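Enquirer: For the sequence shown, our numbering gives the first residue as 2, with consecutive numbering after it.
Just so it is clear, CB atoms sit at the ideal spot from N, CA and C, and this is done for glycine as well.
Computed from a predicted model, the values in this text were never measured in an experiment.
Pasting a structure here, questions to come.
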Amino acid sequence: MIEEIKLKNFKRFRDTTITFNDGRNMLIGENGVGKSSILLAISCVLSGSYSFIEKLGVHTLFNVEVIQEFMNSEKAYNDLPLVEVELFIKDDVINHEINGKKNSIGTEKNGLKMRSVRMMNFQSF
Numbered sequence: 002m003i004e005e006i007k008l009k010n011f012k013r014f015r016d017t018t019i020t021f022n023d024g025r026n027m028l029i030g031e032n033g034v035g036k037s038s039i040l041l042a043i044s045c046v047l048s049g050s051y052s053f054i055e056k057l058g059v060h061t062l063f064n065v066e067v068i069q070e071f072m073n074s075e076k077a078y079n080d081l082p083l084v085e086v087e088l089f090i091k092d093d094v095i096n097h098e099i100n101g102k103k104n105s106i107g108t109e110k111n112g113l114k115m116r117s118v119r120m121m122n123f124q125s126f
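Now the structure itself:
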């Protein structure tokens with residue numbers, strides 16, 4: 002079960018953390034607030050598939066404001082925008098295939114991460 006998702010520069014989310022409750026969760030809100038984007042982010046990470054992302058178009062995943070800021074900057078290679086989605090999975094049972102400390106909080110957790118700058122990178126923590 003997903004307990005938390007962290008979105009960085011993904012679609013309309015600049016730097017957002019959403020914590021889920023145990024059991025069922027509902028995403029409720031007006032049109033255009035990002036409900037579908039949250040589900041898309043989860044699908045992107047769980048698919049672990051570059052071809053899935055390629056069909057969507059990597060460029061469609063980036064936050065528009067972040068891209069605009071980059072375009073108005075000196076456009077240094079090291080400043081290329083980064084999209085990152087982290088799924089933290091409930092760790093009642095430690096799953097060694099997806100457990101580790103290579104996450105944004107540096108704590109041993111079960112989880113998966115999708116990261117994109119110049120290429121896609123899928124990994125477990």
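In three-state DSSP terms, what is Leu-83?
Expert: Residue state, collapsed to three classes: coil.
Enquirer: Would you call the region 71-87 and the region 6-16 in contact, with 3 or more CB pairs under 8 Å?
Expert: In short, these stretches touch, since the Cβ pair count reaches three.
Enquirer: Per the contact definition of three or more C-beta pairs closer than 8 Å, is the region 88-103 in contact with the region 70-80?
Expert: In short, these stretches do not touch, since the Cβ pair count stays below three.
Enquirer: What separation, rounded to the nearest whole angstrom, lies between the Cα atoms of Thr-108 and Lys-102?
Expert: The straight-line gap from Cα to Cα measures roughly 5 Å.
Enquirer: Report the rounded CA-to-CA distance for Asn-64 versus Ser-105, giving the unit in angstroms.
Expert: Each residue's Cα considered, the two are about 19 Å apart.
Enquirer: Tell me whether Met-115 is buried or exposed, calling it buried when 16 or more other Cβ atoms sit within 10 Å of its Cβ.
Expert: The residue in question, Met-115, is buried, as its Cβ has 16 or more Cβ neighbours within 10 Å.
Enquirer: Starting from Thr-20, follow its DSSP beta bridges and name the residues at the other end.
Expert: Answer is Glu-5.
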